Amino acid sequence: MRRSSSLAAIVAASALLLASCASADESSEQPAAGGESVTVDGVTIDFDALPENIVMDCYAYSSLHEYGVEPVALFGYECDNPFVMGDADISDIDFVGKDGEIDVEKLAELRPDAIVGQGSADGWSWFDDDVNAQITRVAPFVPLPTGDTIDGRIAETREIASFFGADVESDAVAQSDADLAEAKENVSTALADNDLNIMLTSPTKEMLYTGVGFAQATMLEELGATIVGADAPATGNPWGQVAWEDASSYSADILLIEGYNDDFAFTTDLWDVLPAVKADQLGAWSSKGAMTATTYAAWLNDVADLISSSVKVS
Amino acid sequence: MTNLDFGRKVYRVGPRERPFLVADVRSTIICGAIWIAIAVLAVYGVFSGSAQITPAEAFQALIGRGDSYTSMVVLEWRAPRVLLAVLLGASLAISGAIFQNLTGNPLGSPDVIGFQTGSYTGALIVMLILGGGSVETMAGALTGGIVTAFVVFFLASKRGAVRGVRLIIVGIGVSAMLASINVWILLTATVEDAIMASLWGAGNLSGVSWSTFWGVFGGSVLFLLAALALSRPMRLMQIGIPFATALGQNVRVVQIAAIVIGIGLTALATASVGPISFIALAAPQIARRVVRSDGLALGPTAAIGSLLLLLADVLAQRIYPDSPLPVGIVTVSIGGLYFLWLLLREGKKK
Amino acid sequence: MTSQPTTLGSAPQGVDPSAPVTESPTKRRWIGLVPLVALCVLALAASMLVGSRTIAVGDVIHFLVHPDPDDALSQTIWFSRVPRTVLILVAGAALGVAGTLMQAVTRNPMTDPGILGVNAGASLAVVVGLAFFGVGDISQYMWWSFAGAMVTSVLVFVIGNTGSARGNPVRMTLSGVALGAVLSGFSSAVLLTNSRVLEKLRGWSAGTTASQPLEATMAIVPFIAAGLAIAFLSARSLNVLALGEASAVALGAHPNRIRTVVLVAIALLAGGATAAAGPIGFLGLLAPHLARMVVGPHQGWILAYSALIAPAVMGFADVLGRVITAGEVPVGVVTAFIGAPVLIYMVRRFRVAEM
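Residue numbers (the numbering used here), protein chains in the order written: chain H, 688 to 1001; chain X, 3 to 352; chain V, 9 to 363.
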């Protein structure tokens, strides 16, 4: 046994352990009275003062940056997905972490006042509890709204933006609300003339995923659309799973594809023969895009145009 | 008692005729050097990082006089992480040494009995299907690993005897089955969830706090001390089981104790930070080569395990500017290097 | 010749006692082929007939003969069932034969391309190709897969057959498992830092028959065919090799030359199968064992039987995976579930030497 060297190790370790006792004496700071707060999904998050430095995940960025709220750093998923980020230039924004990882020291160094992202008051959805404990030590976490309706989420996101200092009474914002209302009208009208089935999809080579029960699907249903697709399994994944063999058994006239754009290159035999694909009645949707009236107005207008120009093929 | 010539230089502690402790010079010196390296690396890990804290500020924080920010970073984030890396590195390395001794094979490791894969399965079920938090994941990982170990032992024992070869093959079979379940569970989750779970499955020291450290400290130290106590009987068994029995050792008890300790050490490590690969495999072998021993060398093994894991973690945090990596990814690279080295060694031996 | 009662005992009437004794096993092997081919055909037929979508047998036959590009059922058959069935046949045969070759050349009954990490090496090559070299579709990344399989086969062979591991099957298996773990670890490392590639390869990495269209499978057929040809042509040399290194040399064979050729075949077969279907384990382990139980230690026959047993098992596994849940369970998962218990049963029932 190498006791002498083990002894040295124990002495060194004791020094660090003694230091840990010192840190345990820190008492938790009491929140200052008369501070600011914001409420999301019924949960109130308190701040000592209005936050100025904000760190966001890329989902939050896509919504908030439209209101002019800019972060000091980003983290999270889909940061290189133009569908989520739009055409914003983020090349000069710092990253504190990619995908599921985060560098808490880098985060702390930025001295942020708030962290915004998808999750709950306890932290981000995809960090484990320990990491969330660390980041909420640095700054309070403001979760993005997860209500059932798009309108509700747009409204709550706007509240968050206004809390961070954006001007939500401006003409541009009011105009976007008007645009959204008009776009909804357009969709309803188009559907009244042309009652077509719509399926929200995300295709992969092995499986076709469908979005039934997503807030976006509910929104369309409220405007009179018939949404087809497989229901999601009871637990876990919110996407419905459809084997390619069964794809054509869902009679869809219009296919909305997550991530669809002009460069869309997905092809597989059983996708290509779907009547909607053959008729090129394809459009875009996003389950994680920006939660703003502008974005949804644009989307619904595109959907309305698509409905008007499409025919029953299924 | 005459002066026995062990063939190499030794230290004797205690009276000449009947020393308390006979320690090999070479291995003591090397151990000492490694622990110094660990200390240096630990200091580096505590004093440097992404947060801009000068060494002077860090030192102030260590002696309890830092401001709240520095204390948080240095004392609550960096210090427990460094200490846990040292502790778990030693645990994993000793566990590997035990398994290699038990199976008589330099490639024996806790995963031979499917333990790591089983823990991952347990953790995945909790994380992705039941939607549990940190504590539940730990419990799931522990349960998964232990149940798997039991199943493997049960399937490998025939009429009460567990033969090494059968154990290895059953372990491979059960591991493969669980690995495919893991792949399938990951497939049915959303991409973000799958990435999050994979980061756990790679072995991850992020988020380590003092509560994590103290949580495993007691158990790990207990098992480590037990392993130390067992080193003599295990070394005796290396001569051969008939010899050991003839010398009065209860081989059965020693084997069972060794298995329990080995699994216990791995279980604590895996449950707290996820399955970290290759420390258990590589550290004992590296230790033996470096110390030129032909049997168990528990002290150097623990030291090298700590050094490897600490080094891997320090690298993992700093190597990629945009985002830290899970420590398991770096230890896999260590595993790759170990294999390369093994190849070269075997090639020369021809 | 007159009867020799001392050697043959009482010969039954009408049988020539001087007939060669070896006729019986060979006859048995030929006869055994018949039910095996039938089983294989049954598995492939099941693959054609069974799937998420229920199609009547009559419809399947009708549309196979008269394809109708506009009919949904015909599309399902031609775009899903047929490519998957062809892939099962091609990849299954490739994996079964690769496993047989692997067991023969390493003289180790506990190996297959999955266990020894060859599939992991092929996968890693594909992952690297996609992540760093922007490789697009299978006709490009199958080359990566071949290269990865080749390098890994050589590595495993060198680790397992030199120095202290020489001739020790357990040590070689463990080396292979550890090497496979390293290579999968590297794959994970690349995938975790490249989430685009992870999304793309998630389904494939479980081992599946659903990823590739028919053209893609046909792209690897020439290579699989080459591998199979090399395998069958090497059958005799493998028989000699099985006698042991010294005996082989004494009989005038060149063991290293044989091994090199066989390793090339393994790379083609395992690499091709992995490129098309992702890493699938246990087929290469089970097929030769089951074959050996029927035909005995004759490499040529084991190869032939494996080439039929493996697709049969894979076919049934895939069909099971299609119907068992609402989504689909990939075939790689099912083969592990079938293969591992059989492996465990075998190791409990028989002594390792008998395997």
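Note that CB positions come from ideal geometry on N, CA and C, so glycine has one too.
These figures come from a predicted structure and were not determined experimentally.
With DSSP as the reference, please indicate the residues paired to residue i in a beta bridge.
i         : result
H/Pro1003 : The displayed coordinates of chain H run from 688 to 1001. Any statement about residue 1003 of chain H would go beyond what the structure contains.
H/Phe828  : H/Ile802
H/Trp811  : H/Gly806
H/Asn884  : H/Thr913
H/Gly970  : H/Leu943
H/Leu761  : H/Met743, H/Phe782
V/Val143  : Answer is none; V/Val143 lacks a bridge partner.
X/Tyr13   : X/Ala25
H/Gly927  : H/Thr897
H/Thr731  : H/Thr726
Could you tell me if residue i is buried or exposed, where buried requires 16 or more neighbouring beta carbons within 10 angstroms of its beta carbon?
i        : result
H/Ala793 : The residue asked about is misnamed: residue 793 of chain H is Lys in this sequence, not Ala. Under this definition H/Lys793 is a buried residue.
V/Leu241 : exposed
X/Gly362 : This structure does not reach residue 362 of chain X, given that chain X is present from 3 up to 352, and the question cannot be answered.
V/Val331 : exposed
H/Ala861 : exposed
V/Val23  : Confidence at V/Val23 is low in this model, with a pLDDT of 48, below 50, so the placement of that residue is unreliable and no value is reported for it.
H/Lys785 : buried
V/Ile39  : exposed
V/Ile209 : With the sequence shown as reference, residue 209 of chain V is identified as Leu, and Ile is not the correct amino acid for it. Looking at its Cβ environment, which holds 16 or more other Cβ atoms inside 10 Å, V/Leu209 is buried.
X/Phe101 : buried
H/Lys965 : exposed
X/Glu59  : buried
V/Ser192 : buried
H/Ala711 : The predicted position of H/Ala711 is uncertain, since its pLDDT is 43 and thus under 50; a value taken from the coordinates is nonetheless stated next. Exposed is the call here.
I want to check one thing, is the minimum distance from the CB of residue i to the heavy atoms of the ligand ADP below 7 Å?
i        : result
X/Ala231 : The ligand ADP is not part of this structure, which contains no ligands at all.
Using a Cβ-Cβ cut-off of 6 Å (strictly less than) and excluding sequence neighbours within five positions of residue i, which residues of its own chain qualify?
i        : result
X/Gln319 : Pro326
X/Ile278 : Gly205, Gly330, Thr333
V/Leu246 : Ala112, Gln307
H/Gln744 : The sequence shown places Asp at residue 744 of chain H, not Gln. Counting only Cβ-Cβ distances below 6 Å, and skipping sequence neighbours, we find Phe762, Gly763, Gly804.
V/Pro305 : none
V/Ile167 : Ser183
Tell me which residues share the same chain as residue i and place their Cβ nearer than 7 Å to its Cβ, disregarding the 5 neighbours each side in the sequence.
i        : result
V/Ala243 : Gln307, Gly308, Leu311
V/Val350 : Leu294
V/Leu222 : Val90, Pro91, Val94
H/Ala939 : Asn884, Ile885, Met886, Val915, Ala963, Ser1001
H/Gly976 : Ser749, Phe770, Val771, Thr982
Which residues in the same chain have their Cβ closer than 8 Å to the Cβ of residue i, if we skip the five residues on either side of it in sequence?
i        : result
H/Val929 : Met894, Leu895, Tyr896, Thr897, Gly916, Ala917, Tyr937
H/Ser715 : A caution first: H/Ser715 carries a pLDDT of 37, below 50, which makes its placement in the model unreliable, though a value can still be read off. So the list is empty, once near-sequence residues are dropped.
H/Lys892 : Thr955
H/Asp835 : Ala902, Thr905
V/Val1   : Only positions 9 to 363 of chain V appear in the structure, and residue 1 of chain V is not among them; the question remains open.
X/Val292 : Ile32, Pro302, Ile306
Find the residues of chain B that neighbour residue i, judging by a C-beta separation of less than 8 Å, and give them in chain order.
i       : result
V/Thr84 : Absent from the structure is chain B; the protein chains it does hold are H, X and V.
*asked:* Closer than 8 Å between beta carbons: that is the criterion. Which residues of the stretch 206-222 of chain X meet it against chain H?
replied: Ser208, Gly209, Val210, Ser211, Trp212, Thr214
*Just by C-beta distance, which residues in the stretch 69-81 of chain X are closer than 9 Å to chain H?*
Ser70, Tyr71, Ser73, Met74, Val75, Val76, Leu77, Glu78, Trp79, Arg80, Ala81
*Using a Cβ-Cβ cut-off of less than 8 Å, list which residues of the stretch 32-66 of chain V approach chain H; keep chain order.*
Gly59, Ser60, Arg61
*Inspect the CB distances between the stretch 974-984 of chain H and the stretch 746-755 of chain H and report whether three or more fall short of 8 Å.*
yes
*Three CB pairs or more closer than 8 Å across the stretch 286-306 of chain V and the stretch 195-215 of chain V*: yes
*asked:* Counting beta carbon pairs with one atom in the stretch 952-964 of chain H and one in the stretch 912-925 of chain H, are three or more of them shorter than 8 Å?
replied: no
_Counting beta carbon pairs with one atom in the stretch 232-250 of chain X and one in the stretch 292-299 of chain X, are three or more of them shorter than 8 Å?_
yes
*Quick one, which residues of the stretch 186-200 of chain X are near chain V if we go by CB-CB under 8 Å, in chain order?*
Trp186, Leu188, Leu189, Thr190, Val193, Ala196, Ile197, Ser200
*With 8 Å as the limit, tell me which residues of the stretch 305-323 of chain V have their beta carbon closer than that to any beta carbon of chain X; keep them in chain order.*
none
*Inspect the CB distances between the stretch 39-53 of chain X and the stretch 83-97 of chain X and report whether three or more fall short of 8 Å.*
yes
*Residues in the stretch 133-163 of chain V with C-beta within 9 Å of chain X's C-beta atoms, listed in sequence order?*
Leu163
*So, do the stretch 310-329 of chain V and the stretch 51-62 of chain V have three or more beta carbon pairs nearer to each other than 8 Å?*
yes
_Within 7 Å of chain H by C-beta, residues of the stretch 196-217 of chain V in sequence order_ = Ser203, Gly211, Thr216
*Members of the stretch 104-127 of chain X that neighbour chain V once the beta carbon cut-off is set at 7 Å*: Asn107, Leu109
*Three-pair Cβ contact test at 8 Å for the stretch 98-112 of chain X versus the stretch 121-130 of chain X*: no
_the stretch 109-117 of chain X in contact with the stretch 245-257 of chain X per 3-pair CB rule at 8 Å_ = no
*Scan the stretch 885-900 of chain H for residues whose Cβ lies nearer than 7 Å to a Cβ of chain V and list them as they occur along the chain.*
Thr891, Lys892, Glu893, Met894
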